[in-house]
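There are 2 protein chains.
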Amino acid sequence: MALKKKPVTGMKDILPAEMQIRDYVTNQIKETYQSFGFSQIETPCVEHIENLTSKQGGDNEKLIFKILKRGEKLNLETAQSEADLVDGGLRYDLTLPLSRYYANNAASLPSPFKALQMGSVWRADRPQKGRFRQFVQCDIDILGDATPMAEIELILATTTALGKICRGETFFVRINDRNILKAMALYAGFPEEFTEQVFITLDKLDKIGMEGVQTELRENGFSEDSIERYSQLLSGIADGSDGVRRLGETLRGVLPDGVAENLAYIMDTVQEAMADDTHCRLVFDPNLVRGMGYYTGTIFEVAVEGLGYSVAGGGRYDKMIGKFTGMDTPACGFSIGFERIVGMLMDAGFTVPGSETKQAYLYEKGLSQEALAAVLKEAMEARKGGARILVAQMNKNKKFQKEQLTKEGYTEFKEFYREALKK
Amino acid sequence: MALKKKPVTGMKDILPAEMQIRDYVTNQIKETYQSFGFSQIETPCVEHIENLTSKQGGDNEKLIFKILKRGEKLNLETAQSEADLVDGGLRYDLTLPLSRYYANNAASLPSPFKALQMGSVWRADRPQKGRFRQFVQCDIDILGDATPMAEIELILATTTALGKICRGETFFVRINDRNILKAMALYAGFPEEFTEQVFITLDKLDKIGMEGVQTELRENGFSEDSIERYSQLLSGIADGSDGVRRLGETLRGVLPDGVAENLAYIMDTVQEAMADDTHCRLVFDPNLVRGMGYYTGTIFEVAVEGLGYSVAGGGRYDKMIGKFTGMDTPACGFSIGFERIVGMLMDAGFTVPGSETKQAYLYEKGLSQEALAAVLKEAMEARKGGARILVAQMNKNKKFQKEQLTKEGYTEFKEFYREALKK
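Chains X and F supply the protein sequences, listed in that same order. Using this note's numbering, read the first sequence as starting at 1 and increasing by one per residue. Using this note's numbering, read the second sequence as starting at 1001 and increasing by one per residue.
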């Protein structure tokens, strides 16, 4: 029987041209983050099924690729449910494994710990254009720092990395705080036990607009009064740090002390620390929700001007590490949507700058062993100096062969013939 | 319930110090291989279960991490066996996925295609020291080249990469051909249908010695005469290319024409092309078997002098791609044992050369927002020039903090105090 040629559903083979761009983006991100003092780490791609299904991952927990138990541990006859069959799964993000990692290795790590992770994650999502079941995430996280410096450094580092890769683009960083979201809902009169439901609706604002949000809230049975009050509150908010401070005044009594000031502090400091040539605008967005249930404070998202989707996002999750250790550890992270960045560059016909010159040494068929060894020796010497040299047999249709090689980026050709070398 | 802190059995968390070495080795290998004209590609980590269990992988097929079907496709009640439950698995090597990849993408790839892959593979082996269930392989393969140039370039590239990483070490490349192995067995009088069994025993030579091999062959019922004749043949073989040629003469009639000459050609050309300062010795080893069933011709293995294990291995597998396409494509590959190389460097206390200077900016607690922004702005400017700068709050025990940072590689410190900045 012939074997299957296509990759498994929703995953893809990466061709050399895309790989070059991926490699370039990886290096730009890594270099930038290392210049901010982040240390690269790795966790296994396989994670305990108990950890993956511990309600930290929200909807992603429905999309886990689960791994069958092996050997004696697998008992098909006594298995009652899926849970009896599996003991692991492929990670659906890098945040949950990082929390486990920190819990496991804190004694060997500096505090605060600035972690950099670049790795594949897997989600059995419905396959669709540009969305894959295996994709790369690039995360930075600061663990053990409760001060706003964590948010400030994360935003500076991420926007610097994005700015390097997407030169000339303008970025919008939208920022909010989960506590402000909640206080606004309480201020409007939504019942405390239903605030999460309000956020789920609000999170659809990009797709359904404010009218759609109001309609859905109405359909969900919330009072006209609360919906009206919420809309009014929203409409009066300015998007700078002053807007945050004023909103803090308005929400006094329902918003914990210091939250608004903290957010304003982050915004002011980031703006002041940014180089003047940074094409980046930081705005307070009281509508920003972000899906993951584990966020406990600041949340942020980055979009490119003129594109309808975000390219990075993150926030503070002060309660997750405590699930492993029994003791809460402040934590804050920012994740770059690597595949979207790569897709943007591919769509724009981006070529990786400053690659080494690629040379092809073409030798005639039937070259003597001694002559071929001499060609190889010459190539070996040149490679030592950093040259990229392909040694290949000359085809009958040399012109076509050179055209093909030119497409692959070979710009210099050297030819070796039987006669020439016999002399 | 507290979550699990340890990684899953047999897989490991990678700490920053090891990660630095891994990154260094990765870059050295990648750079070297690119200088030989190899193009980096990637395949998904998940592969069709049909492909993984198609008898290409030998014993590795017993060690597959299998992935449970999802949604409607999973039917626990009607499932009779494991095979009904799974539709994918984690790849156990990079060669099988590469063959699928080539079959799927040949039209978009140059011919011959020189592929470079670096990626994790998974095997549910019994956990033991230094051996993990997730580990990285670094493979180069040349697809579509039936000439000995494939072997020659693979050996030159791999030994160049190893020589760069393990400076000062001497490498032994042992080389053989599956056809020579078989011809020797036939020459000695072993029945043709049992030659594979002879190789399985011979493969244990390193562990059990020649006497052990003879004993096992005897126990397996092979004739004393064949065993004696085989041992005699072996004992008279010289390890240079001349030895190969002479053996070719001896085996005339049982060895296909051209095999010995081809191997001798590879050996001569590699030796002549190698730079004079290469600490590398290429020897013909008629005992070299290599476990994988898919090899069809040349096989090779690299060991470091003084170490009891190989650090790289490979060979020609001209029949695998045909399993996907129905048409055989010549193929030859070489795989570096990445984890062993990293382990060697870690054991030797290796430090990554030439990393950028790491500076720490320590600021006093209670610094004003304006002053902190100024510190950050200074750091941002310095980072632009490539500096690596950690900005951190000064601890009460500053001396201890600096000691810790020094251990992490920070060599320069700059301190920012409330007073100094107020001036």
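Idealized CB from N, CA, C, for every residue including glycine. These figures come from a predicted structure and were not determined experimentally.
For residue i and residue j, which I take to be in contact (beta-carbon distance under 8 Å), what is that distance rounded to the nearest angstrom?
i: Tyr-1102 of chain F; j: Thr-1043 of chain F; result: At roughly 10 Å, the Cβ-Cβ gap does not stay under 8 Å, so Tyr-1102 of chain F and Thr-1043 of chain F are not in contact.
i: Arg-1022 of chain F; j: Val-1342 of chain F; result: 6 Å
i: Gln-1137 of chain F; j: Leu-1096 of chain F; result: Contact doesn't hold; Cβ gap of about 12 Å is too wide.
i: Thr-1357 of chain F; j: Ala-1387 of chain F; result: 7 Å
i: Phe-65 of chain X; j: Val-1046 of chain F; result: 7 Å
i: Ser-144 of chain X; j: Pro-112 of chain X; result: Per the sequence presented here, residue 144 of chain X reads as Gly, with Ser not at that position. Contact flag correct, Cβ pair sits at about 4 Å.
i: Leu-1363 of chain F; j: Leu-1372 of chain F; result: It is Tyr, not Leu, that sits at residue 1363 of chain F in the sequence shown. Indeed they touch by this definition, with Cβ atoms about 6 Å apart.
i: Arg-1178 of chain F; j: Gly-1297 of chain F; result: 6 Å
i: Ile-142 of chain X; j: Ala-150 of chain X; result: 4 Å
i: Ala-1157 of chain F; j: Thr-1009 of chain F; result: With 8 Å as the limit, Ala-1157 of chain F and Thr-1009 of chain F do not qualify as a contact, their Cβ atoms being about 35 Å apart.
i: Val-1086 of chain F; j: Lys-1069 of chain F; result: 6 Å
i: Leu-376 of chain X; j: Ile-1152 of chain F; result: 7 Å
i: Ile-1389 of chain F; j: Ala-1379 of chain F; result: 5 Å
i: Thr-1201 of chain F; j: Asn-1220 of chain F; result: 7 Å
i: Phe-1338 of chain F; j: Gly-1314 of chain F; result: With 8 Å as the limit, Phe-1338 of chain F and Gly-1314 of chain F do not qualify as a contact, their Cβ atoms being about 14 Å apart.
When the Cα atoms are used, what is the spatial distance from residue i to residue j?
i: Gly-1176 of chain F; j: Cys-1280 of chain F; result: Before going on, a small fix: residue 1176 of chain F reads as Asn here, not Gly. C-alpha separation (whole angstroms): 17 Å.
i: Thr-159 of chain X; j: Asn-262 of chain X; result: 20 Å
i: Leu-1154 of chain F; j: Leu-1162 of chain F; result: 12 Å
i: Leu-94 of chain X; j: Tyr-309 of chain X; result: 21 Å
i: Gly-209 of chain X; j: Ala-312 of chain X; result: 22 Å
i: Tyr-1265 of chain F; j: Lys-384 of chain X; result: 24 Å
i: Gly-1354 of chain F; j: Lys-1319 of chain F; result: 44 Å
i: Glu-1381 of chain F; j: Val-173 of chain X; result: 21 Å
i: Gly-1240 of chain F; j: Leu-1205 of chain F; result: 20 Å
i: Leu-1076 of chain F; j: Ser-1099 of chain F; result: 33 Å
i: Ala-1148 of chain F; j: Gln-369 of chain X; result: What sits at residue 1148 of chain F in the sequence shown is Pro, not Ala. Cα to Cα, Pro-1148 of chain F sits roughly 11 Å from Gln-369 of chain X.
i: Ile-321 of chain X; j: Met-118 of chain X; result: 20 Å
i: Ile-49 of chain X; j: Asn-105 of chain X; result: 20 Å
i: Gly-1071 of chain F; j: Leu-217 of chain X; result: 32 Å
i: Ile-180 of chain X; j: Arg-245 of chain X; result: 11 Å
i: Thr-1170 of chain F; j: Asn-1027 of chain F; result: 21 Å
i: Gln-401 of chain X; j: Lys-6 of chain X; result: 28 Å
i: Ala-1348 of chain F; j: Val-1198 of chain F; result: 38 Å
i: Arg-252 of chain X; j: Ala-183 of chain X; result: 9 Å
i: Ile-165 of chain X; j: Val-25 of chain X; result: 7 Å
Going by DSSP, what residues sit across from residue i in a beta bridge?
i: Ser-1048 of chain F; result: The sequence given here has His at residue 1048 of chain F, not Ser. Paired residue(s): F:Gly-1088.
i: Leu-1362 of chain F; result: F:Ala-1392, F:Glu-1415
i: Leu-1255 of chain F; result: F:Arg-1252
i: Ile-140 of chain X; result: X:Leu-116, X:Phe-334
i: Arg-131 of chain X; result: X:Gln-128
i: Gln-448 of chain X; result: The first residue shown for chain X is 1 and the last is 423, placing residue 448 of chain X beyond what the model contains.
Tell me where the beta strand (DSSP E) around residue i begins and ends.
i: Glu-1301 of chain F; result: 1298-1304
i: Phe-1172 of chain F; result: 1171-1177
i: Leu-96 of chain X; result: Run containing Leu-96 of chain X: none in the beta strand (DSSP E); it sits in the alpha helix (DSSP H), 95-105.
i: Ser-1335 of chain F; result: 1331-1336
i: Met-118 of chain X; result: 113-122
i: Ala-1312 of chain F; result: 1310-1316
i: Lys-402 of chain X; result: Element bounds for Lys-402 of chain X: not the beta strand (DSSP E) but the alpha helix (DSSP H), 398-407.
i: Lys-66 of chain X; result: 66-68
Starting from residue i, trace the alpha helix (DSSP H) both ways and give me its first and last residue.
i: Arg-281 of chain X; result: Looking at the DSSP string, Arg-281 of chain X is not in any alpha helix (DSSP H); the run it does join, the beta strand (DSSP E), is 280-284.
i: Ala-1146 of chain F; result: Neither: Ala-1146 of chain F is in no alpha helix (DSSP H) and is coded neither H nor E.
i: Ser-1035 of chain F; result: 1016-1035
i: Tyr-1230 of chain F; result: 1224-1235
i: Ala-238 of chain X; result: Where Ala-238 of chain X is concerned, there is no enclosing alpha helix (DSSP H), given that its DSSP letter is neither H nor E.
i: Gly-1212 of chain F; result: 1205-1219
i: Glu-381 of chain X; result: 369-384
i: Ile-321 of chain X; result: 320-325
i: Glu-1196 of chain F; result: 1195-1202
When you measure from the CB of residue i to every non-hydrogen atom of the ligand FAD, does any distance come out below 8 Å?
i: Asn-105 of chain X; result: Because no ligand of any kind appears in the structure shown, any question about the ligand FAD cannot be addressed here.
Under a CB-based cut-off of 9 Å, is residue i close to chain B?
i: Thr-1298 of chain F; result: Any reference to chain B falls outside this structure, whose protein chains are X and F.
Exercise for the section: Flag this pair as touching only if the region 1114-1130 of chain F and the region 1075-1088 of chain F have three or more C-beta atom pairs under 8 Å; answer yes or no. Expected result: Taking 8 Å as the limit for Cβ pairs, the verdict is that the region 1075-1088 of chain F does not touch the region 1114-1130 of chain F.
Problem - Segment contact flag, the region 280-295 of chain X with the region 7-17 of chain X, C-beta cutoff 8 Å, min 3 pairs - result: With the cut-off at 8 Å, the region 280-295 of chain X and the region 7-17 of chain X do not touch.
Exercise for the section: Report yes or no: do the region 1249-1256 of chain F and the region 1209-1220 of chain F share at least 3 C-beta pairs separated by less than 8 Å? Expected result: In this structure the region 1249-1256 of chain F does not touch the region 1209-1220 of chain F; the number of beta carbon pairs closer than 8 Å is below three.
Exercise for the section: Tell me, please, whether the region 186-201 of chain X touches the region 212-229 of chain X by the rule of three or more beta-carbon pairs shorter than 8 Å. Expected result: Yes: at least three Cβ pairs fall under 8 Å.
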